[in-house]
Every structure is written in C-alpha cells, then in structure tokens.
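Numbering (my numbering), first residue to last: 232 to 560.
From the three backbone atoms N, C-alpha and C, an ideal C-beta is built for every residue, glycine too.
Following: one structure in structure tokens, then a few remarks.
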C-alpha cells in the first residue's frame with residue numbers, strides 16, 4: 232500500500248478513521264508481520280568505545296561503553312553485572328523517555344542511543360553502563376546535546392564490521408515486513424505501520440499553544456548510508472518553557488539545560504537559537520521513533536520494520552505499544 236501524507240489540519244480525525252478502516256478492511260489471511268531476509272549480514276562494532284555524560288532526568292553522570300558482540304547476540308545492556316536485552320519485552324512506560332526494567336534494575340532514556348545503533352546497522356552490541364553511585368538500582372543513558380549526534384560520531388569513530396560467531400561464521404540479518412496495516416491510537420494521537428516496499432517514517436506534531444513550533448510534518452527514508460547522520464541524528468530534544476517547572480516538580484529533567492535541549496516559549500519563541508533545521512522538533516520525533524521501534528529486534532535481526540510508519544502527536548508510550556504489535560513470537 233502506498234500512503235502519501237500531506238495533512239496540515241491540526242486534528243486529522245479523518246485520518247485516524249481511515250487508518251482504522253484500512254486495518255479492518257484487509258481480508259488477507261497472511262500474518263500482519265513476517266520476518267524476511269534483508270540481503271545483508273548481521274553487523275557489530277569494529278572496536279569498543281567509551282563515553283561519559285550527564286543524564287537528562289536524574290542529573291547524574293553515567294558512563295557507557297559500547298562493545299562488539301558475536302552474531303545472534305543482539306543489543307543488550309549490562310548494569311551491575313546483570314544483562315537487560317534491548318527488547319520490547321522489558322520496556323516499561325515512563326514519562327518523557329523509554330525505560331527498560333529487568334530484575335528490579337532500570338535503564339532509562341535509552342532511545343537516542345538505540346536509534347543510532349539501529350540506524351547505523353549495529354545489530355549486535357553489549358552496552359555496559361555505570362551510574363555514579365555503585366548502589367543505584369537505576370541508571371540513565373547520558374543526554375549529551377539532546378540529539379544522537381555524539382552516538383553516531385562514536386560509532387563512526389570505531390567503525391562497523393560483519394559479526395561472526397565463536398567459530399567465525401556469519402549470519403544473514405532478518406527484518407520484519409508489515410503485510411497489512413497495524414496501528415495504535417489514543418484520542419487524536421496515533422502511530423501506524425503500513426505495508427511498503429521500503430522503510431519510511433512520516434511524523435506530525437502539533438503545538439497550537441506554541442506558535443514557534445505549531446503544526447509540522449516531515450517524512451524521511453534512509454536513502455543513503457549517511458542520511459540518518461545528516462538528516463535525523465543532529466535533531467535535539469525539545470520542550471516548552473512554560474512546562475519546565477511542572478516537569479521539575481515531577482522529578483524530571485533535573486539535568487536539563489539550554490545545552491542539552493532546545494526550549495521554546497509560547498510567548499517569546501525559541502530561547503536558544505539557532506535551530507539546526509526549521510523542523511528540528513519534528514525530526515527529533517523521528518529519531519525517537521527509530522529508537523523505540525528498534526526494540527522489536529531479536530537475536531541481531533532488524534528492529535525498524537520495512538513499512539511506512541506514520542505518527543501524529545505520538546510519544547514513547549504509543550511508539551512502544553506499536554512495537555509490541557510488530558513483534559513476532
């Protein structure tokens with residue numbers, strides 16, 4: 232199915248209705264999602280890389296080391312000598328970020344790192360992470376400048392190679408293909424996956440109370456190897472200035488500053504220009520979608536499916552809900 236989105240309406244309820252109709256009208260007996268060969272081998276990092284930085288929500292400093300892994304290992308975190316797969320099975324709903332929970336240990340704000348690993352084709356990777364306190368039961372991935380730019384630079388700095396097992400064998404990477412529409416929605420927010428010949432993400436956001444952001448749409452597909460690094464990774468997380476105090480009272484963004492987010496005031500516009508893109512806020516949502524849907528990955532296979540992903544006013548909760556619908560048992 233080919234889907235062209237040129238919606239500029241603030242509340243495209245008709246689009247949600249059309250998505251529901253498309254989903255229920257499909258008479259195909261094939262499964263909604265199938266795992267097909269990608270035509271390339273699973274990959275990993277060519278070397279290890281270590282970075283350190285402050286976390287957005289906790290304000291604590293954490294250290295992350297990315298380590299090559301064998302084929303079939305997939306992507307997983309190591310925290311306090313425990314292993315937590317970067318899998319939707321362990322994703323937990325949490326405000327303003329994506330969190331993994333296993334054995335009473337939490338890894339928070341994983342989306343930017345996983346977005347970079349998924350988009351750059353690092354299928355197998357051990358992610359060692361340490362908090363500044365050895366007795367912490369939760370840890371948060373550093374925020375850096377609020378984008379995935381530093382993660383991409385770290386990956387490109389060490390390079391990527393074909394992953395092999397202990398006897399030197401490689402393995403073809405499989406990737407999920409969407410065969411009929413799948414969607415999740417809440418009120419006028421939704422995220423859907425439509426059958427397509429290639430991966431594409433179309434995203435819309437709407438902030439009528441903040442004119443400088445307003446209603447934006449952006450569509451992206453990985454047309455070449457550097458397209459993520461050039462078009463998506465530099466886009467920074469954003470927030471509305473008038474909501475900052477409320478978020479801090481809720482125990483969030485303790486490490487937030489004008490150095491790790493772009494902040495927009497309803498009255499005064501962007502407080503720390505210049506923007507890297509006119510629609511940087513919308514592009515950042517695509518960065519988040521890639522990271523959240525990467526949780527579909529299992530055993531070194533692809534996470535982001537071959538599909539046209541369409542999202543409107545969606546956040547991490549809807550992204551991960553869709554990931555659960557796309558997971559193949």
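**Prompt:** Mapping DSSP to helix, strand and coil, what is residue 435?
**Reply:** strand
**Prompt:** Does the Cβ of residue 560 have 16 or more other Cβ atoms within 10 Å, making it buried, or fewer, making it exposed?
**Reply:** exposed
**Prompt:** Is the distance from the Cβ of residue 486 to the Cβ of residue 374 below 8 Å?
**Reply:** yes
**Item:** Cβ contact (3+ pairs, closer than 8 Å) linking the stretch 400-412 and the stretch 267-281
**Value:** yes
**Request:** Below 8 Å CB to CB, which residues in the same chain sit around residue 549 once its five sequence neighbours on both sides are set aside?
**Result:** 415, 416, 417, 420, 421, 422, 542
**Item:** Proximal residues to residue 329 (C-beta, below 6 Å), its chain only, five neighbours per side dropped
**Value:** 341, 342, 523, 547
**Beta-carbon separation (whole angstroms), residue 302 vs residue 396, contact threshold 8 Å** = 5 Å
**Asked** Would a C-beta distance cut-off of 8 Å place residue 493 and residue 520 closer than the cut-off?
**Response** no
**Test item: CB-CB of residue 512 and residue 469 under 8 Å** = yes
**Asked** What's the call for residue 533, buried or exposed, on a 16-neighbour Cβ count within 10 Å?
**Response** buried
**Request:** Report the residue ranges of all alpha helix (DSSP H) runs contained in full by the stretch 483-528; include only those spanning at least 4 residues, in chain order.
**Result:** 511-524
**Prompt:** Does the stretch 301-321 touch the stretch 344-364, meaning 3 or more C-beta pairs lie closer than 8 Å?
**Reply:** yes
**Request:** In the DSSP assignment, find the unbroken beta strand (DSSP E) run with residue 539 in it and report its ends.
**Result:** 539-543
**Request:** Could you tell me the boundaries of the beta strand (DSSP E) in which residue 392 lies?
**Result:** 391-393
**Request:** Could you work out which residue in 509, 471, 461 is closest to residue 566 when comparing CA atoms only?
**Result:** This structure cannot settle anything about residue 566, because the visible part of the chain is limited to 232 through 560.
**Message:** Please return the same chain residues whose Cβ sits closer than 6 Å to the Cβ of residue 448, not counting the five positions on each side in sequence.
**Reply:** 435
**Start-to-end residues for the alpha helix (DSSP H) that takes in residue 461** = 458-462
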